[in-house]
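K.L.:
Here it is, the structure, as structure tokens.
Protein chains: 2
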Amino acid sequence: MSKPIAKTTTHRVRGSTSGRPIMVLLDLLGRRWSLRIIWELRGEPLTSRALRAACDDASPTVLQARLSDLREADLVEHLLESGYRLTVLGRELSKEFMPLHHFAERWSKR
Amino acid sequence: MSKPIAKTTTHRVRGSTSGRPIMVLLDLLGRRWSLRIIWELRGEPLTSRALRAACDDASPTVLQARLSDLREADLVEHLLESGYRLTVLGRELSKEFMPLHHFAERWSKR
DNA sequence: TTCCGTGCTACAATAAACGTAGCAGCACGC
DNA sequence: GCGTGCTGCTACGTTTATTGTAGCACGGAA
Chain X
985 MSKPIAKTTT
995 HRVRGSTSGR
1005 PIMVLLDLLG
1015 RRWSLRIIWE
1025 LRGEPLTSRA
1035 LRAACDDASP
1045 TVLQARLSDL
1055 READLVEHLL
1065 ESGYRLTVLG
1075 RELSKEFMPL
1085 HHFAERWSKR
Chain Z
985 MSKPIAKTTT
995 HRVRGSTSGR
1005 PIMVLLDLLG
1015 RRWSLRIIWE
1025 LRGEPLTSRA
1035 LRAACDDASP
1045 TVLQARLSDL
1055 READLVEHLL
1065 ESGYRLTVLG
1075 RELSKEFMPL
1085 HHFAERWSKR
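Quick note, the sequences are listed as chains X and Z, same order.
My numbering applies: residue 985 is where the first sequence begins, and numbers increase by one.
My numbering applies: residue 985 is where the second sequence begins, and numbers increase by one.
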């Protein structure tokens, strides 16, 4: 959000002038609550308020902003009936993150 | 940072009142440039300036702060001879992230 | 109608990140 | 000695992101 600023066809690119997918992704996931939201949505869909509760009562402002980012990135979608959930793509990403849980346990015992 | 604020024995915990390792980890990795730094250090060690260049000339202020966080978390270490590199633990974490690269490619083609 | 729960927004305050500049330390060649 | 260039790192003023609290409009049920 500063710097030369680059764009791709579909995304503003903040932390990267290259627009390389991995950089765009790392930038998106590096925004606060992104990882946490994906983590909390790994199971059942959650309503915005349930998600907020799961996310330690984070401010609805950021949460909405992040949900908006993640929806734009096709990682999260909103269902009228049940709330927010991961898309197929989001679920794929979430699978990559599952081992993080085990790593975190090991890491905390360092 | 705000919120009730919790502490574990070794870490301030920002995004979590629980102190559960996964939450602490997600919080750490959710800070700007954390993921990118780990990504850029996946190969050879880099000097602080080389890392900064690799990270799109991010401000040295944040980079130092993040390096400090990551060093405190035993994910990154500093070598007098060659600069910064991932620790054994950091390298383990980095392995978890490698598939992200392939995911990012798929994701960008959505 | 009233009562909830939903998704979402306003707004002022605080904290994080940015960009630029520059420091001290150390090794080199001269 | 003296400059040159590299290292890690910091100061500081500005901009941006995030926070916390409050509250909106909408829809469904009672």
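No residue lacks a Cβ here, since even glycine has one placed at the ideal position from N, Cα and C.
Given the structure is predicted, the values throughout are model-derived calculations rather than measurements.
In or out: L1025/X buried (at least 16 other Cβ within 10 Å) or exposed?
P.N.:
Position 41 of the first sequence holds residue 1025/X. Answer is buried; the Cβ neighbour count reaches 16.
K.L.:
Measuring only the C-alpha atoms, how far is L1012/X from S1066/Z?
P.N.:
Taking the first sequence and counting its residues from 1, one reaches residue 1012/X at position 28. Taking the second sequence and counting its residues from 1, one reaches residue 1066/Z at position 82. Answer to the nearest angstrom: the Cα atoms are 30 angstroms apart.
K.L.:
How many Å lie between F1087/X and L1030/Z at the Cα?
P.N.:
Taking the first residue of the first sequence as 1, we reach residue 1087/X at position 103. Taking the first residue of the second sequence as 1, we reach residue 1030/Z at position 46. The alpha-carbon atoms of F1087/X and L1030/Z are separated by roughly 24 angstroms.
K.L.:
If you draw a straight line from the C-alpha of W1091/Z to the C-alpha of V1046/Z, how long is it?
P.N.:
Translated into the one-based positions of the second sequence, residue 1091/Z becomes position 107. Translated into the one-based positions of the second sequence, residue 1046/Z becomes position 62. The straight-line gap separating the alpha-carbon atoms of W1091/Z and V1046/Z is approximately 28 angstroms.
K.L.:
Could you check whether the Cβ of V1008/X sits closer than 9 angstroms to any Cβ belonging to chain Z?
P.N.:
To locate residue 1008/X, count along the first sequence from 1; it is residue 24. It does; some Cβ of chain Z falls within 9 angstroms.
K.L.:
Mind pulling the chain X residues with CB within less than 7 angstroms of D1058/Z?
P.N.:
Looking up residue 1058/Z in the second sequence gives position 74. Within chain X, the residues near D1058/Z are R1094.
K.L.:
Give, in chain order, every unbroken run of the alpha helix (DSSP H) that is at least 4 residues long and sits entirely within the stretch 1034-1060 of chain X.
P.N.:
1044-1056
K.L.:
Run the CB neighbour count on P1005/Z, radius 10 Å, all protein chains shown included, and call it buried at 16 or more, exposed below.
P.N.:
To locate residue 1005/Z, count along the second sequence from 1; it is residue 21. Buried, because 16 or more other Cβ atoms sit within 10 Å of the Cβ of P1005/Z.
K.L.:
Just tell me which of A1038/X, L1054/X, A1034/X and H1085/X has its CA closest to the CA of T1071/X.
P.N.:
Mapped onto the first sequence, residue 1071/X falls at position 87. Between T1071/X and the set A1038/X, L1054/X, A1034/X and H1085/X, the nearest pair of CA atoms involves L1054/X.
K.L.:
At the 9 angstroms Cβ level, is A1049/X part of the contact set with chain Z, yes or no?
P.N.:
Indexing the first sequence from 1 puts residue 1049/X at position 65. No, A1049/X lies away from the interface with chain Z (no Cβ there is under 9 angstroms from its Cβ).
K.L.:
Please compile the residues from chain X whose C-beta is within a distance smaller than 8 angstroms of the C-beta of H1062/Z.
P.N.:
Taking the first residue of the second sequence as 1, we reach residue 1062/Z at position 78. Those do not exist, as H1062/Z stays about 17 angstroms from chain X at its closest Cβ, beyond 8 angstroms.
K.L.:
Roughly how many whole angstroms lie between the Cα atoms of D1041/X and L1064/Z?
P.N.:
As a working note, residue 1041/X is residue 57 in the first sequence. As a working note, residue 1064/Z is residue 80 in the second sequence. Distance between the alpha carbons of D1041/X and L1064/Z is about 43 angstroms.
K.L.:
Would you grab the beta carbon distance between P1083/Z and E1080/X for me? Rounded to a whole angstrom, and I think it's under 8 angstroms.
P.N.:
Here residue 1083/Z refers to the residue found at position 99 of the second sequence. Here residue 1080/X refers to the residue found at position 96 of the first sequence. Contact holds; Cβ gap of about 5 angstroms.
K.L.:
Are there 16 or more other CB atoms within 10 angstroms of the CB of G1014/X, so buried, or fewer, so exposed?
P.N.:
On the first sequence, residue 1014/X is found 30 positions in, with the first residue counted as 1. Looking at its Cβ environment, which holds 16 or more other Cβ atoms inside 10 Å, G1014/X is buried.
K.L.:
Determine the burial state of M985/Z: buried for a count of at least 16 other Cβ atoms within 10 Å of its Cβ, exposed for fewer.
P.N.:
Locating residue 985/Z in the second sequence gives position 1, where the first residue counts as 1. With a pLDDT of 30 at M985/Z, under the threshold of 50, the modelled position of this residue cannot be trusted; read the value that follows with caution. Per the 10 Å Cβ criterion, exposed.
K.L.:
So what does DSSP say about L1030/Z, is it helix, strand or coil?
P.N.:
The count along the second sequence starts at 1 and reaches residue 1030/Z at position 46. Strand.
K.L.:
Buried or exposed, going by whether 16 or more other CB atoms sit within 10 Å of the CB of A1057/X?
P.N.:
Residue mapping note: residue 1057/X aligns to position 73 of the first sequence, counting from 1. Around the beta carbon of A1057/X, 16 or more other beta carbons sit within 10 angstroms, so the residue counts as buried.
K.L.:
Output the boundary residues of the alpha helix (DSSP H) element that contains L1073/Z.
P.N.:
Here residue 1073/Z is taken as the residue at index 89 of the second sequence, counted from 1. V1072 to S1092 is the extent of the alpha helix (DSSP H) around L1073/Z.
K.L.:
Helix, strand or coil, according to DSSP, for L1063/Z in the structure here?
P.N.:
By 1-based counting over the second sequence, the position of residue 1063/Z is 79. Correct three-state label for L1063/Z: strand.
K.L.:
Closer than 7 angstroms by C-beta to G1027/X: which residues in its own chain qualify, once you throw out the five before and the five after it? Chain order, please.
P.N.:
Translated into the one-based positions of the first sequence, residue 1027/X becomes position 43. The answer is none, since no qualifying residue turns up.
K.L.:
In angstroms with no decimal places, state the Cα-to-Cα distance between E1076/Z and K1093/X.
P.N.:
Against the second sequence, residue 1076/Z aligns to sequence position 92. Against the first sequence, residue 1093/X aligns to sequence position 109. Cα to Cα, E1076/Z sits roughly 14 angstroms from K1093/X.
K.L.:
Which class does R1069/X belong to by DSSP, given the choice of helix, strand or coil?
P.N.:
Numbered from its first residue, the first sequence carries residue 1069/X at position 85. Looking at R1069/X - three-state DSSP - the assignment turns out to be strand.
K.L.:
Closest to I1021/X by CA distance: which of L1010/X, P1044/X, L1051/X and L1009/X is it?
P.N.:
Stepping through the first sequence from its first residue, residue 1021/X is reached at position 37. The shortest C-alpha separation from I1021/X is found at L1051/X.
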